[in-house]
Each structure stands twice: as C-alpha cells, then as structure tokens.
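Engineer:
2 protein chains.
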Amino acid sequence: MADRAQYEELIRQFSAFGAVKRELTRILPVGCSSGSAAVLSLLGRYGDMRIGRLAELLAVDMSVTSRHVAHIAERGWVDRFPDPADGRSRILRLTPAGRTQLDELSERTTHLLADRLSDWTDDEVGQLSVLMARLRASFDDHPSAQERPAGASLITT
Amino acid sequence: MADRAQYEELIRQFSAFGAVKRELTRILPVGCSSGSAAVLSLLGRYGDMRIGRLAELLAVDMSVTSRHVAHIAERGWVDRFPDPADGRSRILRLTPAGRTQLDELSERTTHLLADRLSDWTDDEVGQLSVLMARLRASFDDHPSAQERPAGASLITT
DNA sequence: TATTGTTATACTCTATAACTATA
DNA sequence: TATAGTTATAGAGTATAACAATA
Numbered sequence: 005m006a007d008r009a010q011y012e013e014l015i016r017q018f019s020a021f022g023a024v025k026r027e028l029t030r031i032l033p034v035g036c037s038s039g040s041a042a043v044l045s046l047l048g049r050y051g052d053m054r055i056g057r058l059a060e061l062l063a064v065d066m067s068v069t070s071r072h073v074a075h076i077a078e079r080g081w082v083d084r085f086p087d088p089a090d091g092r093s094r095i096l097r098l099t100p101a102g103r104t105q106l107d108e109l110s111e112r113t114t115h116l117l118a119d120r121l122s123d124w125t126d127d128e129v130g131q132l133s134v135l136m137a138r139l140r141a142s143f144d145d146h147p148s149a150q151e152r153p154a155g156a157s158l159i160t161t
Numbered sequence: 005m006a007d008r009a010q011y012e013e014l015i016r017q018f019s020a021f022g023a024v025k026r027e028l029t030r031i032l033p034v035g036c037s038s039g040s041a042a043v044l045s046l047l048g049r050y051g052d053m054r055i056g057r058l059a060e061l062l063a064v065d066m067s068v069t070s071r072h073v074a075h076i077a078e079r080g081w082v083d084r085f086p087d088p089a090d091g092r093s094r095i096l097r098l099t100p101a102g103r104t105q106l107d108e109l110s111e112r113t114t115h116l117l118a119d120r121l122s123d124w125t126d127d128e129v130g131q132l133s134v135l136m137a138r139l140r141a142s143f144d145d146h147p148s149a150q151e152r153p154a155g156a157s158l159i160t161t
C-alpha cells in the first residue's frame, strides 16, 4: 500500500500525460482524429466486431463509439454488415482503404515513438505497457455506477 | 529499441488510459474541474508561481492556463499578486480556502487510488509514476514546433 | 521588437437523455 | 420489458489568433 504523497505524485503524472497524447494526435493524417485512429487500431488488432464490443475496448460510451464509427464509415474505412445473430447489430469490418489508412497511422506513430523513446530499452517500453494495462484493469474491476449496466452480475457492497 | 507491435500496443494503452482519467474526474467536488484540480495541486506542491510557469508544469498553452486560473480565482481559491520583478506578470498564491479545497481533493483522489490499487505494492505504484514521468520527459526533450518558443536555445536538425 | 497574459473562436472528446428497432 | 444502436444536446479541455500592457 502506497502512501498519500506517492498517490498525489501519480495523479500529477496522470495529469501531465495529456501532453504526450496531444503530441501523438498532432501527427495524425487529415480526416483521421484520435477517435478514428483508436477504432481503426482495434479493428486491425482484434478483427471484425460490433459497436458494443468496440465501445468496451475503447472504454467509452456507445454513443461516442457510434459517432466515431460513423465518421470513419463516411470516409470509406469501414463497412457495416448485418449481424446474422442479432438484427439490432451490425458487424464492423475494415475496408482495404481502412487498412491502408491504418498502415499509415501505424507507420507515423511507430516512427514518433521510436524517435522519442530512442533511449528506452525494449524491456522498459514493455514495463510501461504492462503497468498501464494493469492500471486500467484495476479500475475496470471496480466499475463506477455509470459504467455498470443494470444486468451485470456484479456484487457491490 | 522496441519493435512495431510493442509500440502499437503502447499506443492502445495510451488510448484506453482516458477511462482512468475520467473516473478520477467524476469524484471531483462541484465547481472543481480537472483543470482546476491540476492547478491547485501544482500550487500546493511547488508553491507560488506565475501563469507561465504553471503552463509549463501543466504542459498546456498559456491561454488554457489563464482560463483555469480565472476559474479558481473566481471561487476564491487563489489570489493574484503583482510580480515585483515583472509588471506583466502576477504571482499566484493559494488562499486558505484554496488549501482547504486542495485537501479535500487530495483526500478524495487518495482514497480512490487506495481502493483501486489496493493490490498494488508500494514499489509498483512507484514504478508507474517513474515511467510516466520519464515518458513525459522523453517527449519534452524533443518539443514539437508548437511548443518550442522562438527564442529557445534548441538545436534541431 | 519581444514577451506575458487575456479573450474570442473553433474543434475534439465525452456523457446524458430521448428515440427507433429488434430480442 | 430489455437491449443495440443512433442522434441531439451540453460541458470540459485544448489550440490558434488577435489584442493589451510591459520589458
């Protein structure tokens, strides 16, 4: 268990992290916002999926996800197919143009990180990745009221 | 040097980090936004300072900082004194009410982190803090054009 | 002429609520 | 009745540009 000063320092690091995010946003291609990039990345990493699943992975509300998807669908980067298992849903799939866009994104972000983190070891990059994944998991394990759907089987005191 | 897949994974962690930030935002007292909290925290940690210095620590534009400060000044949480060394600047100082507000903030965020990170060791919390500090430093060392003032003595190729 | 700070404007991301269609 | 998704609205954070005051 960490002490108060350590938690406060961590919070300040969280706050300052925005600067890193914004610099990554600045290198995105025209028409591809941060939200669009996140959707393309997840579809490329995990394959076809529904809006709801995408919203979970993005950790944002479905309404937000819907808008992001509408944005990239307008640009022809994803197609929406009927879901044979559920008429209310559609399956999202990257188009060839979407994959090209994703490749461009990946090239730019990889290049930027390789430059900025040139003095980081492979292991250090991995450590940060693992710790941030665990951080998110630690928060997901205790979902707030807003994130907890009515039917979720969660025991809360 | 990490490989492409590792950088891509790191980027996805960066993207999902927003969920953690938003949960921390939700517990803030009424009238105290995330920006206000960051200003109060930095004034509490580093003491009286000018807007420009605060903008550096926040890693946002001075115009943004100015708005945040105006917000908390309206609420009586900071005073602005003339800077004897420079008539264009004013020195920001926490008021007693501001310190009370900061204490309340600190209590809430510490409590939330202690709950969510209850199974993290002191050392693991420290590691995340250090890695995020280093991440920001790695980006600060290569400032983008937008962040680099005209007079800065930086050698860029 | 350069710098500090403020203000107006615009853009992105986000959640809430109301709504449609389907389960 | 409950769930998947869409859309309208509102709020927060941010950058850019134009401006005022001072160095």
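Residue numbers (my numbering), protein chains in the order written: chain A, 5 to 161; chain B, 5 to 161. Built from N, CA and C at the ideal position, the CB exists for glycine as well.
Quick check on this structure: which residue in L109/B, A118/B, P88/B, P86/B has the alpha carbon closest to the alpha carbon of G39/B?
Structural biologist: In the second sequence, residue 39/B corresponds to position 35, counting from 1. Comparing Cα-Cα distances from G39/B to each of L109/B, A118/B, P88/B, P86/B, the minimum goes to L109/B.
Engineer: According to DSSP, P86/B sits in a beta bridge with which residue or residues?
Structural biologist: Stepping through the second sequence from its first residue, residue 86/B is reached at position 82. In DSSP, P86/B forms a bridge with R94/B.
Engineer: Taking T29/B as the query, report the chain A residues whose CB atoms sit under 7 Å from its CB, ordered along the chain.
Structural biologist: What you label residue 29/B is simply residue 25 of the second sequence in a count that begins at 1. Within chain A, no residue comes near T29/B; the closest Cβ sits about 10 Å away, beyond 7 Å.
Engineer: State yes or no: is the beta carbon of A42/A nearer than 8 Å to at least one beta carbon in chain B?
Structural biologist: Here the question's residue 42/A lines up with position 38 in the first sequence. Yes, A42/A lies at the interface with chain B (some Cβ there is under 8 Å from its Cβ).
Engineer: Cutting at 7 Å between CB atoms, please list the residues of its own chain near S70/B, excluding the five before and the five after it.
Structural biologist: For the purposes of this step, residue 70/B is taken as residue 66 along the second sequence, with counting starting at 1. Closer than 7 Å at the Cβ level, and outside the excluded window around S70/B, lie I55.
Engineer: Would DSSP call R54/A helix, strand or coil?
Structural biologist: To locate residue 54/A, count along the first sequence from 1; it is residue 50. In the structure shown, R54/A adopts extended strand secondary structure according to DSSP, grouped into three states.
Engineer: Just to make sure I have the definition right: I need the residues of chain B whose C-beta is within less than 7 Å of the C-beta of V129/A. Which are they?
Structural biologist: For the purposes of this step, residue 129/A is taken as the residue at position 125 of the first sequence. The contacting residues are A6, Q10, L14.
Engineer: Out of curiosity, what's the CA-to-CA distance linking K25/B and L62/B?
Structural biologist: The count along the second sequence starts at 1 and reaches residue 25/B at position 21. The count along the second sequence starts at 1 and reaches residue 62/B at position 58. Going by the C-alpha atoms only, they are around 15 Å apart.
Engineer: Do G80/B and A59/B have their beta-carbon atoms positioned less than 8 Å apart in this structure?
Structural biologist: Numbered from its first residue, the second sequence carries residue 59/B at position 55. Numbered from its first residue, the second sequence carries residue 80/B at position 76. Taking 8 Å as the Cβ cut-off, A59/B and G80/B do not qualify as a contacting pair.
Engineer: Can you pull the chain B residues whose beta carbon is under 7 Å from the beta carbon of R84/A, in chain order?
Structural biologist: One-based indexing of the first sequence puts residue 84/A at position 80. Going along chain B, no residue has its Cβ under 7 Å from R84/A, so there is no contact; the nearest lies around 22 Å.
Engineer: Is there at least one non-hydrogen atom of the ligand COA closer than 7 Å to the beta-carbon of A41/A?
Structural biologist: For the ligand COA, the structure offers nothing, since it holds no ligand at all.
Engineer: Since I33/A is in the alpha helix (DSSP H), which residue starts that stretch and which ends it?
Structural biologist: Taking the first residue of the first sequence as position 1, residue 33/A is located at position 29. Reading off the sequence shown, one finds Pro at residue 33/A, where the question assumed Ile. No alpha helix (DSSP H) holds P33/A; DSSP gives it neither H nor E.
Engineer: Considering only C-alpha positions, which residue in the set R112/A, F85/A, A89/A is nearest to I95/A?
Structural biologist: The residue labelled residue 95/A in the question sits at position 91 within the first sequence. Among R112/A, F85/A, A89/A, the Cα nearest to that of I95/A belongs to F85/A.
Engineer: Cutting at 8 Å between CB atoms, please list the residues of its own chain near P33/A, excluding the five before and the five after it.
Structural biologist: Taking the first sequence and counting its residues from 1, one reaches residue 33/A at position 29. Cβ contact annotation for P33/A (same chain, cutoff 8 Å, sequence separation greater than five): Q105, E108, L109, R112, in chain order.
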